[in-house]
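Participant:
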Amino acid sequence: MSAPKARKTVAFWALVLFMFFITAVASFAQHLPKYADQLGFDAVFAGKAMGIFMMGTLVGALTFGLLSDKIGAQITTILALVCGGAAILTLILGGRYPMLFNAAVLVFGFACASVGTLGPLLTTAIFGQKDYSRIYSSIAMGMAFAGMVSMSGYGFIYDAFHSYVPVLWAICAMLLICIVCVLTAFTDKKRRAA
139 MSAPKARKTV AFWALVLFMF FITAVASFAQ HLPKYADQLG FDAVFAGKAM GIFMMGTLVG
199 ALTFGLLSDK IGAQITTILA LVCGGAAILT LILGGRYPML FNAAVLVFGF ACASVGTLGP
259 LLTTAIFGQK DYSRIYSSIA MGMAFAGMVS MSGYGFIYDA FHSYVPVLWA ICAMLLICIV
319 CVLTAFTDKK RRAA
């Protein structure tokens, strides 16, 4: 599909929203050390947790590419989003326990790898290779805007509530929105193909 035609589809705008929200979710990684501090952990623990997060991101980037080849971009993306939701719920409900915090951060890093990996895969799966670079560059505009808004937004919410828990619940909601966006994009693709 050509880029001008793609921009007129529901799938295109669903992917723009997906990229916005998944980037906003991943941006929370910058606040993980402060969240660790809020829970009473020291700076050494927070630093090690960020190393664990990066390990999760590395494994996720490799895994999502392989999984996408085997089970498809749609199922792989939903799996990544469910993993992200499980990690966030663990941070909310069990984050005070060091092992649970580290496990949640590892899985969250795994899910965050989807930002750089699954956006291009979803674009190709829905619109094909013909005009991929133009279509994906337009879809990626959601990423830039999300990075600007979410980083400061999380800080404002923390300042207002003196807690990251409202932010974490908002991230759960964003992950659900991402699932809806992916399902909408693939439904639109099937509708256009019929």
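Take 139 as the starting number for the sequence shown in the working numbering and just add one per residue. Backbone N, C-alpha and C fix where the C-beta goes; we use that ideal spot for every residue, glycine too. Quick caveat, the model's predicted, so the values are computed rather than measured.
(1) Expressed to the nearest angstrom, what Euclidean distance is found between the alpha-carbon atoms of residue 306 and residue 235?
(2) Just verifying my parser: in three-state terms, what is the DSSP assignment at residue 302?
(3) Buried or exposed for residue 275, please, with buried defined as at least 16 other CB atoms from any protein chain shown within 10 angstroms of its CB.
(4) Here's a check: name, in chain order, each residue in its chain whose Cβ is nearer than 7 Å to the Cβ of residue 255, leaving out the five neighbours to either side.
(5) Give the range of the alpha helix (DSSP H) segment to which residue 172 is assigned.
(6) Taking the continuous alpha helix (DSSP H) assigned at residue 146, which residues delimit it?
(7) If we ignore side chains and look at the alpha-carbon of each, how far apart do residue 166 and residue 192 end up?
(8) Going by beta carbon distance, what residues of the same chain come within less than 7 Å of residue 312, once the five residues before and after it are set aside?
(9) Between the C-alpha atoms of residue 229 and residue 177, what's the straight-line distance to the nearest angstrom?
(10) Comparing alpha-carbon positions, which option in 170, 195, 213 lies nearest residue 183?
(11) What do you reckon, are the CB atoms on residue 310 and residue 156 nearer than 8 Å?
(12) For residue 207, does the three-state DSSP call read helix, strand or coil?
(13) Let's see if you can read the secondary structure: which residues bound the alpha helix (DSSP H) around residue 241?
(14) Report the start-end ranges of each alpha helix (DSSP H) in the segment 255-282 that is 4 residues or longer and not cut off at the edges.
(15) Rounded to the nearest angstrom, what separates residue 299 and residue 265 at their Cα positions?
(16) With three or more C-beta pairs closer than 8 Å as the rule, is the segment 267-274 touching the segment 240-250?
(17) Below 8 Å on the Cβ atoms is my contact criterion, and I expect residue 211 with residue 153 to pass it. Report the Cβ-Cβ distance as a whole number of Å.
(18) Taking the alpha-carbon positions, what's the residue 227 to residue 325 distance?
(19) Beta carbon of residue 149, beta carbon of residue 323: below 8 Å?
(20) If contacts are defined as beta-carbon pairs under 8 Å, then residue 268 and residue 188 qualify, I think. What distance do you get, rounded to the angstrom?
Facilitator: In this structure, then:
(1) One-based indexing of the sequence shown puts residue 306 at position 168. One-based indexing of the sequence shown puts residue 235 at position 97. Rounded to whole angstroms, residue 306 to residue 235 spans 17 Å at the Cα level.
(2) Taking the first residue of the sequence shown as 1, we reach residue 302 at position 164. Coil at residue 302, not helix or strand.
(3) Counting from 1 along the sequence shown, the entry for residue 275 is found at position 137. Residue 275 is exposed by the Cβ-count criterion.
(4) In the sequence shown, counting from the first residue as 1, residue 255 sits at position 117. Taken in chain order, the residues that qualify are 199, 202, 203.
(5) Within the sequence shown, residue 172 is the residue found at index 34, counting from 1. 170-176 is the span of the alpha helix (DSSP H), which, as asked, contains residue 172.
(6) Here residue 146 refers to the residue found at position 8 when the sequence shown is read from its first residue. The continuous stretches of alpha helix (DSSP H) do not include residue 146, and DSSP gives it neither H nor E.
(7) Stepping through the sequence shown from its first residue, residue 166 is reached at position 28. Stepping through the sequence shown from its first residue, residue 192 is reached at position 54. So the two alpha carbons sit approximately 13 Å from each other.
(8) Residue 312 sits at position 174 when you count from the first residue of the sequence shown. Its chain contains 159, 162, 163 as the residues whose beta carbon lies nearer than 7 Å to that of residue 312, once the 5 sequence neighbours on both sides are disregarded; these appear in chain order.
(9) Your numbering for residue 229 matches position 91 in the sequence shown. Your numbering for residue 177 matches position 39 in the sequence shown. Their backbone Cα atoms lie some 10 Å apart in a straight line.
(10) Counting from one through the sequence shown, the residue named residue 183 turns up at place 45. Answer by Cα proximity: 170.
(11) The residue given as residue 310 occupies position 172 in the sequence shown. The residue given as residue 156 occupies position 18 in the sequence shown. Cβ distance not < 8 Å, so residue 310 and residue 156 don't count as in contact.
(12) Here residue 207 is taken as the residue at index 69 of the sequence shown, counted from 1. It is helical.
(13) Counting from one through the sequence shown, the residue named residue 241 turns up at place 103. Per DSSP, residue 241 belongs to the alpha helix (DSSP H) from 236-250.
(14) 270-277
(15) The sequence position of residue 299 within the sequence shown is 161, counting from 1. The sequence position of residue 265 within the sequence shown is 127, counting from 1. Their backbone Cα atoms lie some 42 Å apart in a straight line.
(16) No, they do not touch.
(17) Reading the sequence shown from its first residue, position 73 is the one you call residue 211. Reading the sequence shown from its first residue, position 15 is the one you call residue 153. Incorrect: roughly 11 Å between the Cβ atoms, too far for contact.
(18) Counting from one through the sequence shown, the residue named residue 227 turns up at place 89. Counting from one through the sequence shown, the residue named residue 325 turns up at place 187. Computed Cα separation, rounded: 28 Å.
(19) Counted from its first residue, the sequence shown places residue 149 at position 11. Counted from its first residue, the sequence shown places residue 323 at position 185. Yes, these two residues count as a Cβ contact at 8 Å.
(20) As a working note, residue 268 is residue 130 in the sequence shown. As a working note, residue 188 is residue 50 in the sequence shown. About 40 Å separates the two Cβ atoms, so there is no contact after all.
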